[in-house]
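Before any comments, here is the structure.
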DNA sequence: TGTAAGGCCTACTTTTTAGTTAGCTATTGA
DNA sequence: TCAATAGCTAACTAAAAAGTAGGCCTTACA
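Chains as they are written, first to last, in the numbering used here: chain D, 1 to 130; chain P, 131 to 260.
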């Protein structure tokens, strides 16, 4: 091919077909809620189900538990059962989840800069958030 | 609040409501195709419509032109009209689009590492790709 | 002359994603 | 004893995203 790009190089993994590594990564962290959940766990280290629920106000419980399950399945987060009798759990990042740390930071920072360009001073407006 | 997290801090921008900067960034580059398109323009510097079409084989033309329009609207890419008579165009990253450079690199690298962990040697398999 | 390539757009259908409501088990606190 | 909190799940519906098919104009090429 004239542009040095192969026409049809596909990657098959877990019954899904990807065209390139970017695609692969997006397969794990794409979607509307995953990066948000991961960022919160990155920022707060560990959180209970209801903490996440409170901190991600627009996420329905259905979406939350669904995404948590997928993230756990893909080994990006860990679910730790704290107690059985009163059933209490705690979510945290696995090593794989932590390896995306620079990504969370970059995306958050870029968002703040973008807001700044649009004359919204997030730092000023955020009170206790960060 | 006990966790030092504000209950309902929302950011309003362009008639959309966001909960945090991560959310803001995802509003611009989220979705199934945008990062893929951006990465290709980052990697190849500039590309015509049909080059993109050929390099992103699973993207339908509908999606491609729709996403290109949104990316242009959000000033992440630039559409340059090369000629009028034979209508020819070229897409490239704007400064804002380029400012996401580290993100493209990170996501691509992370995908390659992830494949490696799954015993797929992308470097070996990719021939001319990179 | 007619076919392909470049650069799209529109209408319609399907799939995916997400929202809503309700319900379940168990424990703590008033 | 009763409500509230934690941690979910399931069923059903609605909305958003994506796929499919076709069409349109112009120019280059055989």
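Glycine residues also receive a C-beta, built at the ideal position from the N, C-alpha and C atoms.
Using a C-beta cutoff of 8 Å, does residue 89 of chain D count as contacting chain P?
Looking up residue 89 of chain D in the first chain gives position 89. Not one chain P Cβ lies under 8 Å of residue 89 of chain D.
Taking the straight line between their C-alpha atoms, what separation do you get for residue 214 of chain P and residue 118 of chain D?
Taking the first residue of the second chain as 1, we reach residue 214 of chain P at position 84. Taking the first residue of the first chain as 1, we reach residue 118 of chain D at position 118. Approximately 34 Å between the Cα atoms of the pair.
Output yes or no for whether 8 Å exceeds the beta carbon distance between residue 52 of chain D and residue 29 of chain D.
Numbered from 1 along the first chain, position 52 holds the residue referred to as residue 52 of chain D. Numbered from 1 along the first chain, position 29 holds the residue referred to as residue 29 of chain D. No, the pair does not count as a contact, with Cβ atoms beyond the cut-off.
Cβ contact (3+ pairs, closer than 8 Å) linking the segment 161 to 180 of chain P and the segment 193 to 211 of chain P
Contact holds: three or more Cβ-Cβ distances are below 8 Å.
Tell me whether residue 153 of chain P is buried or exposed, calling it buried when 16 or more other Cβ atoms sit within 10 Å of its Cβ.
Reading the second chain from its first residue, position 23 is the one you call residue 153 of chain P. By the 16-neighbour rule on beta-carbons within 10 angstroms, residue 153 of chain P is buried.
So, residue 151 of chain P versus residue 122 of chain D, is the Cβ gap smaller than 8 Å?
As a first step, residue 151 of chain P must be located in the second chain, where it is residue number 21. As a first step, residue 122 of chain D must be located in the first chain, where it is residue number 122. Using a Cβ distance threshold of 8 Å, residue 151 of chain P and residue 122 of chain D count as a contacting pair.
Through-space distance from residue 49 of chain D to residue 57 of chain D, alpha-carbon basis
Taking the first residue of the first chain as 1, we reach residue 57 of chain D at position 57. Taking the first residue of the first chain as 1, we reach residue 49 of chain D at position 49. Each residue's Cα considered, the two are about 13 Å apart.
Same chain, Cβ closer than 7 Å to residue 115 of chain D, neighbours up to 5 away in sequence not counted
Taking the first residue of the first chain as position 1, residue 115 of chain D is located at position 115. For residue 115 of chain D, same chain residues with a beta-carbon under 7 Å away, outside a window of 5 residues either side, are 122 in chain order.
Exposed or buried, residue 227 of chain P, counting other C-beta atoms within 10 Å across all chains shown (16 or more means buried)?
Numbered from 1 along the second chain, position 97 holds the residue referred to as residue 227 of chain P. Under this definition residue 227 of chain P is a buried residue.
Short Cβ contact (8 Å threshold) for residue 47 of chain D with residue 91 of chain D:
Indexing the first chain from 1 puts residue 47 of chain D at position 47. Indexing the first chain from 1 puts residue 91 of chain D at position 91. Yes, the Cβ-Cβ distance between residue 47 of chain D and residue 91 of chain D is below 8 Å.
Can you pull the chain D residues whose beta carbon is under 7 Å from the beta carbon of residue 188 of chain P, in chain order?
Taking the first residue of the second chain as 1, we reach residue 188 of chain P at position 58. Within chain D, the residues near residue 188 of chain P are 19.
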